[in-house]
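Here the structure is laid out as structure tokens; the discussion comes afterwards.
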Amino acid sequence: MSKRHLYILTAVLAVLGLSLFLYKVRVLDMPLTPGQERDVWTVEARVTFEAKGEPVRLSLLLPRSNPRFTILNDAFISPGYGLSTSADFWNRQAIWTIRQARGLQTVYYRAEARRLVRPGPPRKEKPPEPPQSNLEGPELAAGRALLQEVQRKSADTESLVLELVKYLHLPQPDDNLKFLLKNRPDEADRVELAVEILALAGVPAYSVHGLRLRESRERLRIIHWLAVYDRDRWRPFDFATPRTGVPPDYLPWWRGPGSVARIRGGERLQTTFSASVDQEASIRLEREGRAYQPALIRFSLFSLPIHTQQVYRVLLMVPVGAFLLVILRNVIGLSTFGTFMPVLIALAFRETRLLHGIVLFSLLVGLGLLVRFYLEQLKLLLVPRLAAILIVVVLLMVFVSIVMNRLGIQQGLSIALFPMVIITMTIERMTIVWEERGPGEALKQGLGSLLAAAATYTLIHNRQIQHLFFVFPELLLLVLAATLLLGRYTGYRLFELYRFRALLKGGS
Amino acid sequence: MFTLAAQLRAMGVLGINARNADYTLAHNPRRLYPLVDDKFQTKQMALKAGIPVPELYGVVEREVQVRGMHGILEKPEGFVIKPAHGSGGDGVVVIAGLHRGRYRTITGNFYTPPELDHHVYNVLSGLYSLAGQPDQALIEYRVQFDPVFDEVSYKGVPDIRVVVFLGVPVMAMVRLPTRMSEGKANLHLGGLGAGIDLTTGTTLSAVCRNERVEEHPDTGACISGLTIPQWETILDMAAACCDLSGLGYLGVDIVLDKFRGPLLLELNARPGLGIQIANGQGLLTRLHLVEQHRPALTSREERIAFARGRFGVKAGAAG
Chain B
268 MSKRHLYILT
278 AVLAVLGLSL
288 FLYKVRVLDM
298 PLTPGQERDV
308 WTVEARVTFE
318 AKGEPVRLSL
328 LLPRSNPRFT
338 ILNDAFISPG
348 YGLSTSADFW
358 NRQAIWTIRQ
368 ARGLQTVYYR
378 AEARRLVRPG
388 PPRKEKPPEP
398 PQSNLEGPEL
408 AAGRALLQEV
418 QRKSADTESL
428 VLELVKYLHL
438 PQPDDNLKFL
448 LKNRPDEADR
458 VELAVEILAL
468 AGVPAYSVHG
478 LRLRESRERL
488 RIIHWLAVYD
498 RDRWRPFDFA
508 TPRTGVPPDY
518 LPWWRGPGSV
528 ARIRGGERLQ
538 TTFSASVDQE
548 ASIRLEREGR
558 AYQPALIRFS
568 LFSLPIHTQQ
578 VYRVLLMVPV
588 GAFLLVILRN
598 VIGLSTFGTF
608 MPVLIALAFR
618 ETRLLHGIVL
628 FSLLVGLGLL
638 VRFYLEQLKL
648 LLVPRLAAIL
658 IVVVLLMVFV
668 SIVMNRLGIQ
678 QGLSIALFPM
688 VIITMTIERM
698 TIVWEERGPG
708 EALKQGLGSL
718 LAAAATYTLI
728 HNRQIQHLFF
738 VFPELLLLVL
748 AATLLLGRYT
758 GYRLFELYRF
768 RALLKGGS
Chain F
58 MFTLAAQLRA
68 MGVLGINARN
78 ADYTLAHNPR
88 RLYPLVDDKF
98 QTKQMALKAG
108 IPVPELYGVV
118 EREVQVRGMH
128 GILEKPEGFV
138 IKPAHGSGGD
148 GVVVIAGLHR
158 GRYRTITGNF
168 YTPPELDHHV
178 YNVLSGLYSL
188 AGQPDQALIE
198 YRVQFDPVFD
208 EVSYKGVPDI
218 RVVVFLGVPV
228 MAMVRLPTRM
238 SEGKANLHLG
248 GLGAGIDLTT
258 GTTLSAVCRN
268 ERVEEHPDTG
278 ACISGLTIPQ
288 WETILDMAAA
298 CCDLSGLGYL
308 GVDIVLDKFR
318 GPLLLELNAR
328 PGLGIQIANG
338 QGLLTRLHLV
348 EQHRPALTSR
358 EERIAFARGR
368 FGVKAGAAG
């Protein structure tokens, strides 16, 4: 009876999951593969500051539509604040105000940036006023000398700008440049200096600051480039690498000198940017003109903030990893330390990448084992002993990070993300197995754990699989159904075939 | 690979998944597990029912009692310290006697009193218990084993494992310690398992580390053909334990003492599958047979008669 119950349950789960999945694929046209043409992005600025209990006025510069991107659907998340927006030639600006606030404050700005498929050439525009340089006194003289140097090597405005950008990035700057930059080798300062020098030459220019739209879990860094008025048009020049024009994934956010956010009545102001491909909007784009938005889309994971979405991208892979472990343990018969330890290790490998992860993990466990064997002689009680190992593990992590950093190995730093409690328990269990069953068994289980972790890593870091489970979380119902079925799998494990083969030889 | 699986299935070999799903999960109610997982409870239950067990010298429950325990350890014939919730022989120390203030194990190692204390502390803190919860240490009589196995064991205590299903003994083996297993009889520690003909109580050939062997690796003596004394009593004890514990699928471990006869050592709710290799037989065929005939077998005598009739070597081919 219980078996039929199980079959009915799994069938219901599977049908439910599959039909939702098929409906989304066939009727709603949701993409089965991660999008190639990433045309619609969600960009987000997160501003945090410490309020001092006074009236607060926070201003944030906003991106605006331009020949390459259309900015749509501004959204401001700022509970309790008054909000106004304004725009001038340079920028759009949002101003948040509140009479009184205290403690850590967070406000969000989010918008949709839609890339135009065929951006036209820059518009013809009337020549602006001849620019005025702000350099004075000795700075003016240094600037003039610098300009002369660059002009000597150039023929027209375009080559002048390119030479200037190259000059500003010289690995050994000359005295003029050192003086002008005041020993602050900052990209933002360099780009403003370039604007000033171009003003000296009578070339109108302004700085542009923005993001490079890339799918990344890390926060995006601000990049800078130049817009220069040349032959009737404002033309962009890439700044980090001197060339005409900028790559199509540069999203301009604000122009001119100054920082993106300013605060009065608060301190420790921080602005972070993130971006992700907005698949929901890409889908909506397809459906534009149709009358209704199905609830399925409105209530999908895409309605969450970007950072939460990134978290779920990872979280949704944990069940997939757990399912793989069920197969590895119950169908293949691999023995591992702890039931889900390999999944946690595989998650930790995200930062280190597989090879480094395995090396670091083995190193940490190996060193931990040595210390554990030494502690064995002291005859400590269980809980203090575990705590001692935990402390040693953290110390070892610090040590490995510092040594690797000294050696210039970047990956050593990500060891900090290893789950130290899991490592502690692994070391303890491994010692017990080592003493009770011998080193062979301990190494066997250790290798089994690493193997399982590596397999889980490869599975849960597959972009295609990540995409499938993120866009179609209902697939987890299928995984659940399969897991329930495997819960009643009574066939042999693969390793058992090997174990019982002696029976076949001598038995009959 | 699939042919191998099909061959094993044809032999009726029970796999670990099938054992868990169809036998332990189906026939062993979770609430009865404490009875077999806690050796102290097992012992008391057995005593109440009149099943002989090794005499209990004392129980250490708390750290403060450890210092006082040495008073009861001065036994000329030695003693055994085991965790009440241990599994698979982990944490069991068998002391043969005192020698110049130090405890000598049966394999010839020595424990100073502080070392033995540390071992007991480890036991109490749950190092060997199944879920790592705090545990008790049992100190009990060291079995003076029956000379029948003298030729085929390397130190330590050989014991007899009987798998009982629904009150019917279905398969048995004798586990013999080797040098590799350090005096313990557990198969995964390198002990030797020899199948037993249920009809006659004589040993068949043996298995060591999943390989078939005919002679004991340390003594060189032939393992098969030994007749186990009091076989009828052993089967009866095993069947009685099944009734007592209420567990449908049970492993019963029994030792043969020179003076006291068969003694119940422990019960196991998840008996291992190596017994199949020791007997050269799959369990599944026998289990199915018991499932079929169980309703007709009312008394314990009938069940034992059924087992002896069906699960011997001669009947084995038919069953």
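So the sequences go chain by chain: B and F.
Position 132, counted from 1, in the first sequence is what the numbering used here calls 399; the numbers after and before it change by one each time, with no gaps.
Position 249, counted from 1, in the second sequence is what the numbering used here calls 306; the numbers after and before it change by one each time, with no gaps.
Ideal Cβ positions, reconstructed from N, Cα and C, are used throughout, including at glycine.
All of these numbers come straight from a predicted model, not from anything done at the bench.
Proximity to R766(B) across H127(F), R269(F) and V117(F) peaks at R269(F), based on C-alpha coordinates.
Within the stretch 260-276 of chain F, contact with chain B at the beta-carbon level (separation under 8 angstroms) is assigned to S262, V264, N267, E268 and R269. With a minimum length of 3 residues, there is no unbroken run of beta strand (DSSP E) contained wholly in the stretch 642-692 of chain B.
Within the stretch 192-210 of chain F, no residue has its Cβ closer than 8 angstroms to any Cβ of chain B.
Pairing L735(B) with G369(F), the inter-Cα distance amounts to about 57 angstroms. Residue environment: Q712(B) is assigned as buried (16 or more neighbouring CB atoms within 10 Å of its CB, all protein chains considered). Contact check between the stretch 168-177 of chain F and the stretch 88-99 of chain F: fewer than three CB pairs, one atom from each, fall below 8 angstroms, which does not count as touching. The beta carbons of L627(B) and V667(B) sit closer together than 9 angstroms. For F343(B), the three-state secondary structure derived from DSSP is strand.
The beta carbon of V151(F) sits no closer than 9 angstroms to any beta carbon of chain B. A direct Cα-to-Cα measurement between A380(B) and V294(B) gives close to 26 angstroms. Excluding five sequence positions before and after Y198(F), the CB atoms of its chain that fall closer than 6 angstroms to its own CB belong to P111 and E112, given in chain order. If you look at F222(F), you'll find it isn't in any alpha helix (DSSP H); it sits in the beta strand (DSSP E) that goes D216 to F222. Contact with chain F is absent for K711(B), since none of that chain's Cβ atoms lies less than 9 angstroms from the residue's Cβ. Distance check between S526(B) and each of A748(B), V314(B), S716(B) and V279(B) places V314(B) closest, using alpha-carbon atoms only.
Between R161(F) and the set H175(F), P133(F), K139(F) and S186(F), the nearest pair of CA atoms involves P133(F). Given a length threshold of 4 residues, each whole run of the alpha helix (DSSP H) inside the stretch 66-130 of chain F is given here in chain order: 90-94 and 96-105.
If you check each beta-carbon in the stretch 726-760 of chain B against every beta-carbon of chain F, the ones closer than 7 angstroms belong to R755, Y756, T757, G758, Y759 and R760. Taking the CA atoms as reference points, Q360(B) sits about 23 angstroms from S543(B). Look at A62(F): its C-beta is under 9 angstroms from a C-beta on chain B.
Burial is judged here by how many other beta carbons sit within 10 angstroms of a residue's own beta carbon; K449(B) has fewer than 16 and is exposed.
With contact defined as three or more Cβ pairs closer than 8 angstroms, the stretch 113-125 of chain F and the stretch 314-328 of chain F are not in contact. By the criterion of a C-beta distance shorter than 6 angstroms, P524(B) is surrounded in its chain by E459, once the five residues flanking it on both sides are discounted. V650(B) belongs to the set of residues whose beta carbon lies under 9 angstroms from a beta carbon in chain F. Burial check for R343(F): the Cβ neighbour count within 10 Å reaches 16 or more, so the residue is buried. At the C-beta level, G250(F) and M230(F) come within 9 angstroms of one another. Here the C-alpha atom of N597(B) lies approximately 32 angstroms from the C-alpha atom of L255(F).
Ranked by Cα distance from G252(F), the options G337(F), D216(F), F363(F) and Y185(F) are led by G337(F). Contact between the stretch 121-130 of chain F and the stretch 198-210 of chain F is absent, with fewer than three C-beta pairs closer than 8 angstroms. As computed with DSSP, N325(F) is found in a beta bridge with G308(F). Taken in chain order, the members of the stretch 595-621 of chain B whose beta-carbon sits within less than 9 angstroms of a beta-carbon on chain F are N597, V598 and G600.
A straight line joining the alpha-carbon of Q349(F) with that of D275(F) spans about 42 angstroms. When Cβ-Cβ separations below 9 angstroms define contact, D147(F) makes contact with chain B.
Here DSSP, grouped into helix, strand and coil, assigns D423(B) to coil.
Against D254(F), chain B offers no close residue; the least beta-carbon distance is about 15 angstroms (beta-carbon pairs closer than 8 angstroms).
For M230(F), the pairing in a beta bridge is given by DSSP as R218(F) and G252(F).
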